[in-house]
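Taking it in order: structure first as structure tokens, then the write-up.
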Amino acid sequence: MAERRSAQWYGGSDRNAYIHRAWMRRGLPANAFDGRPHIAIANTASDLTPCNAHLNEVAGSVARGVYEAGGIALNLPVVSLGETLVRPTAMLWRNMAAMAIEEMLRANPIDGVVLLGGCDKTIPALLMAAASVDLPAVVIPGGPMLTGTFRGAALGCGTDVWRLSEDVRAGTLTERDFVESESSMIRSRGHCNTMGTASTMAIMAEALGTTIPGLAGTPAPDSRLLEASHATGRLAVELVEQDRRPSSLLTRGSFLNAIVALAAVGGSTNAVVHLLAIAGRLGIELTLDDFDRTGAGVPLLVDLQPAGRFLMDDLYRAGGPLAVLREVRDLLDPAAMTVTGRPLVDHLEDARIWDPEVIRSRSTPLQEEAGIAVLYGNLAPTGAVIKPAAATPELLKHRGRALVFDSIEDFRARIDDPDLDVDADSVLVLRGCGPRGYPGMPEVSNLPLPSKVLRQGVRDMVRICDGRMSGTAYGTVVLHVTPEAAADGPLGRIRTGDMISLDVAARRLEVELSDDELSRREPAPAAVAAFAAPARGWERLYVDTVRQADSGADLDFLVGSSGSQVARDSH
Ligand code: FES
128 MAERRSAQWY GGSDRNAYIH RAWMRRGLPA NAFDGRPHIA IANTASDLTP
178 CNAHLNEVAG SVARGVYEAG GIALNLPVVS LGETLVRPTA MLWRNMAAMA
228 IEEMLRANPI DGVVLLGGCD KTIPALLMAA ASVDLPAVVI PGGPMLTGTF
278 RGAALGCGTD VWRLSEDVRA GTLTERDFVE SESSMIRSRG HCNTMGTAST
328 MAIMAEALGT TIPGLAGTPA PDSRLLEASH ATGRLAVELV EQDRRPSSLL
378 TRGSFLNAIV ALAAVGGSTN AVVHLLAIAG RLGIELTLDD FDRTGAGVPL
428 LVDLQPAGRF LMDDLYRAGG PLAVLREVRD LLDPAAMTVT GRPLVDHLED
478 ARIWDPEVIR SRSTPLQEEA GIAVLYGNLA PTGAVIKPAA ATPELLKHRG
528 RALVFDSIED FRARIDDPDL DVDADSVLVL RGCGPRGYPG MPEVSNLPLP
578 SKVLRQGVRD MVRICDGRMS GTAYGTVVLH VTPEAAADGP LGRIRTGDMI
628 SLDVAARRLE VELSDDELSR REPAPAAVAA FAAPARGWER LYVDTVRQAD
678 SGADLDFLVG SSGSQVARDS H
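Read in the numbering used here, the sequence shown has 666 at position 539, and its numbers run on one by one without any break.
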């Protein structure tokens with residue numbers, strides 16, 4: 128048997144090995160150091176991340192599985208990010224969480240790791256870290272919450288918040304009713320129950336092969352989550368014994384499989400930046416164009432909010448993500464492996480659709496083509512994305528006057544002005560929301576419509592932004608425009624009144640200005656003023672080193688892997 132990594136700390140009889148063992152013997156027996164795999168449970172449980180608050184119970188099941196298989200389980204609390212609470216945006220901290228988790232996995236005497244995530248940024252950060260440290264790793268997505276109801280109707284968290292708040296602004300719902308719905312929104316433990324970013328990233332983890340197949344989408348309160356967590360603990364020990372690492376498991380084919388899954392389930396646009404960042408950690412070539420090339424022709428098979436009607440609980444009942452993947456099996460890379468040691472496609476044999484309303488068959492899709500479209504043009508020279516499945520079909524080809532806002536504060540100050548020069552054909556442009564500009568690339572791109580237009584019954588307009596959009600949101604929104612305004616992208620040079628044309632079928636996003644005119648223009652002073660570089664701390668490091676959205680918005684020096692070796696000891 129090859130020497131365990133943990134034996135570099137615990138093996139031998141010298142002073143350092145004595146110190147390492149002695150302190151750990153508070154609870155561990157002497158035979159804990161006889162060569163058994165030491166498995167960290169990287170746990171993002173936190174009271175301030177409500178979506179992940181139940182993960183301590185999940186960790187208990189993992190630990191029992193680890194011990195049953197002959198390993199040693201070690202709880203490792205790691206940076207947690209609660210999407211709804213953390214300011215200015217959880218995305219600012221994704222890379223910090225990934226860096227901190229990577230370093231703690233490397234710094235500690237462990238042989239493998241079980242990654243417990245849920246809320247939007249937690250699974251991406253965990254996978255980025257595991258990829259860079261390259262220890263045997265397996266993901267447990269914490270699972271979605273159960274469906275809440277308000278006055279007899281199901282509430283999709285996130286999606287219905289946007290809808291209800293727009294109803295209040297349009298005058299069709301009272302504020303009192305709006306607030307009353309609040310207690311019905313979050314019915315149980317677990318993450319958002321729409322096909323938002325958390326649900327999407329759980330499915331991405333499964334499509335990549337990093338979970339026990341069939342686990343993604345298991346509702347957080349479902350007892351089968353604990354059963355699968357126990358099995359995952361056992362599997363973690365096997366991963367160490369077989370030396371199955373992210374670098375030996377994940378291939379370009381795994382990522383292309385994830386892109387197929389992303390389209391088939393109508394997943395969040397946020398998956399684009401997260402998958403690009405994870406691939407970057409592994410040195411796997413993946414580009415924005417892969418999302419369009421591989422995903423564009425994939426049919427939408429899942430009728431879930433925000434694009435459709437149902438919620439995650441329904442998806443699980445209807446057969447879960449594996450039943451969806453079975454329908455598009457011919458589009459998957461048959462060689463892409465999973466943590467089980469078998470290819471993903473092998474695990475699709477027994478999957479079935481139990482409710483064809485929720486999961487459509489390949490022959491009756493909700494939409495023929497559901498992938499994320501990548502747009503280019505003089506307004507987005509290195510790319511922008513749009514999710515056509517969440518957009519209004521008539522707006523996918525549109526020409527209109529730009530109404531430009533230099534920051535989200537500028538937008539909030541003016542959007543409900545009754546004298547605002549805006550109509551349903553206007554194109555709302557928000558800049559200063561990219562990775563550098565905000566900083567952190569917040570989910571503000573699904574701009575609320577001007578109340579003047581809402582009162583006319585309009586419910587969607589073309590919006591363009593260098594930020595992101597919540598995976599629970601919908602609308603004709605062009606996102607992730609690169610280069611962002613704060614990186615001297617053309618978005619910083621356009622003015623209110625410029626004509627903008629969007630043509631999703633042709634994959635074009637243009638401002639009707641000559642190259643000469645565009646390059647002659649100075650960036651708008653207000654857009655430059657809105658970007659004040661932070662003086663110190665993480666924000667300073669982030670702004671100085673963050674890459675643009677088209678390459679995953681990771682820090683430039685975190686791309687790639689450092690492996691698990693640590694050259695020097697602490698004593
Ligand atoms: Fe945590 Fe939506 S707020 S997943």
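Heads up, the beta-carbon is just placed ideally off N, CA and C, and yes, glycines get one too. From a predicted model like this one, the values you see are computed outputs, not experimental measurements.
**Prompt:** What residues in its chain sit with their C-beta under 8 Å from that of Ser488, if we drop five residues either side in the sequence?
**Reply:** Cβ neighbours of Ser488 beyond the five flanking positions: Leu428, Glu454, Ile480.
**Prompt:** How many Å lie between Thr274 and Leu452 at the Cα?
**Reply:** Each residue's Cα considered, the two are about 23 Å apart.
**Message:** Using CA atoms only, rank isn't needed, just tell me which of Arg526, Glu230, Lys514, Asp642 is closest to Val604.
**Reply:** Ranking Arg526, Glu230, Lys514, Asp642 by Cα distance to Val604 puts Lys514 first.
**Request:** In angstroms with no decimal places, state the Cα-to-Cα distance between Asp482 and Asp430.
**Result:** Their backbone Cα atoms lie some 11 Å apart in a straight line.
**Contacting residues, own chain, Cβ-Cβ under 6 Å from Glu639 (five flanking each side not counted)** = Counting only Cβ-Cβ distances below 6 Å, and skipping sequence neighbours, we find Met626.
**beta-carbon Glu210 near the ligand FES non-hydrogen atom, thresh 6 Å** = Checking the 6 Å criterion, the Cβ of Glu210 is within range of a heavy atom belonging to the ligand FES.
**Asked** Would you say the beta carbon of Asp643 comes nearer than 6 Å to a heavy atom of the ligand FES?
**Response** No, the Cβ of Asp643 stays beyond 6 Å of every heavy atom of the ligand FES.
**Span of the alpha helix (DSSP H) around His525** = Per DSSP, His525 belongs to no alpha helix (DSSP H); it is in the beta strand (DSSP E), 524-532.
**Request:** Compute the Euclidean distance between the alpha carbons of Ala149 and Pro236, then round it to the nearest angstrom.
**Result:** The alpha-carbon separation between Ala149 and Pro236 amounts to approximately 14 Å.
**Request:** Please find out if some non-hydrogen atom of the ligand FES comes closer than 6 Å to the beta-carbon of Cys560.
**Result:** No, the Cβ of Cys560 stays beyond 6 Å of every heavy atom of the ligand FES.
**Request:** List the residues that DSSP assigns as beta-bridge partners of Gln583.
**Result:** DSSP, once it has assigned bridges, lists no residue as partnering Gln583.
**Request:** May I have a chain-ordered list of the beta strand (DSSP E) segments no shorter than 3 residues that lie completely inside the region 146-215?
**Result:** If we require 3 residues or more, the beta strand (DSSP E) runs fully inside the region 146-215 come out as 165-170, 199-204.
**Prompt:** If we ignore side chains and look at the alpha-carbon of each, how far apart do Ala654 and Leu262 end up?
**Reply:** The alpha-carbon of Ala654 is positioned some 44 Å away from that of Leu262.
**Prompt:** Buried or exposed: which applies to Ser140, given that a residue is buried once 16 or more other Cβ atoms fall within 10 Å of its Cβ?
**Reply:** Exposed, by the Cβ-count rule.
**Message:** If you measure between the beta carbons of Glu637 and Leu506, is that distance less than 7 Å?
**Reply:** In contact: Glu637 and Leu506 (Cβ atoms closer than 7 Å).
**N-terminal and C-terminal residue of the beta strand (DSSP E) that Arg590 is part of** = For Arg590, the enclosing beta strand (DSSP E) begins and ends at 590-592.
**Prompt:** Going by Cα to Cα distance, which pick from Pro348, Ala511, Val367, Asp174 is closest to Met439?
**Reply:** Looking only at Pro348, Ala511, Val367, Asp174, the smallest Cα-Cα distance to Met439 is reached by Pro348.
**Message:** Please report the straight-line C-alpha distance between Ala134 and Leu668, rounded to a whole angstrom.
**Reply:** In this model, Ala134 and Leu668 are separated by some 35 Å (Cα to Cα).
**Prompt:** Pick from Ala632, Asp642, Arg695, Pro164: whose alpha carbon is nearest that of Gln369?
**Reply:** The shortest CA-to-CA distance from Gln369 to any of Ala632, Asp642, Arg695, Pro164 is the one to Pro164.
**Message:** Measuring only the C-alpha atoms, how far is Gly510 from Asn202?
**Reply:** Going from the Cα of Gly510 to the Cα of Asn202 covers about 41 Å.
**Request:** Please report how far the alpha carbon of Gly336 lies from the alpha carbon of Ser646, in whole angstroms.
**Result:** Pairing Gly336 with Ser646, the inter-Cα distance amounts to about 46 Å.
**Message:** Once DSSP output is grouped into helix, strand and coil, what is the label at Ile499?
**Reply:** If DSSP states are grouped into helix, strand and coil, Ile499 belongs with coil.
**Request:** Let me know the alpha helix (DSSP H) ranges lying completely inside the region 419-464, each 4 residues or longer, listed in chain order.
**Result:** Scanning the region 419-464 from its first residue to its last, the whole alpha helix (DSSP H) runs of 4-plus residues come out as 439-444, 447-454.
**Message:** Distance check for Gly393 and Met719, CA to CA, integer angstroms please.
**Reply:** Outside the displayed range of the chain (128 to 698) lies residue 719, so it cannot be described from this structure.
**Asked** Using the C-alpha atoms, what's the distance from Phe160 back to Met596?
**Response** For the pair Met596 and Phe160, the Cα-to-Cα distance works out to about 48 Å.
**Any non-hydrogen atom of the ligand FES within 6 Å of His318 CB** = It does: the Cβ of His318 is within 6 Å (strictly closer) of some heavy atom of the ligand FES.
**Asked** So does the region 531-548 actually touch the region 187-202, counting three or more Cβ pairs closer than 8 Å?
**Response** The region 531-548, when compared against the region 187-202, does not touch it at the 8 Å Cβ threshold.
**Asked** Just to check, is the beta-carbon of Asp247 closer than 6 Å to a non-hydrogen atom of the ligand FES?
**Response** Distances between the C-beta of Asp247 and the heavy atoms of the ligand FES include at least one below 6 Å.
**Message:** Pop quiz: Val756 and Ala500 are said to be a contact at Cβ under 8 Å. What is the actual Cβ separation, rounded to whole angstroms?
**Reply:** This structure leaves residue 756 out entirely; the chain is present only between 128 and 698.
**Same chain only: Cβ atoms within 7 Å of Leu475, ignoring 5 sequence neighbours per side** = Closer than 7 Å at the Cβ level, and outside the excluded window around Leu475, lie Leu449, Leu452, Arg453, Arg456.
**Message:** Would Ile168 and Ala186 qualify as a contact pair, given that the criterion is a beta-carbon distance under 7 Å?
**Reply:** Yes, the Cβ-Cβ distance between Ile168 and Ala186 is below 7 Å.
**Prompt:** Going by the beta-carbon positions, is the gap between His318 and Pro271 smaller than 7 Å?
**Reply:** Against a cut-off of 7 Å, the Cβ pair of Pro271 and His318 comes out as a contact.
**Request:** Report yes if the C-beta of Ala325 is less than 6 Å from at least one heavy atom of the ligand FES; otherwise report no.
**Result:** If you check the C-beta of Ala325 against the ligand FES, you find a heavy atom less than 6 Å away.
**Prompt:** So, is Gln675 buried or exposed, given that buried needs 16 or more other C-beta atoms within 10 angstroms?
**Reply:** Around the Cβ of Gln675, a 10 Å sphere holds 16 or more other Cβ atoms; the residue is buried.
**the region 378-386 contacting the region 303-311, beta-carbon criterion three pairs below 8 Å** = In this structure the region 378-386 does not lie against the region 303-311, because fewer than three pairs of beta carbons, one per stretch, are closer than 8 Å.
**Asked** CA-CA distance, Tyr443 and Ala463?
**Response** Between Tyr443 and Ala463, the C-alpha separation is close to 24 Å.
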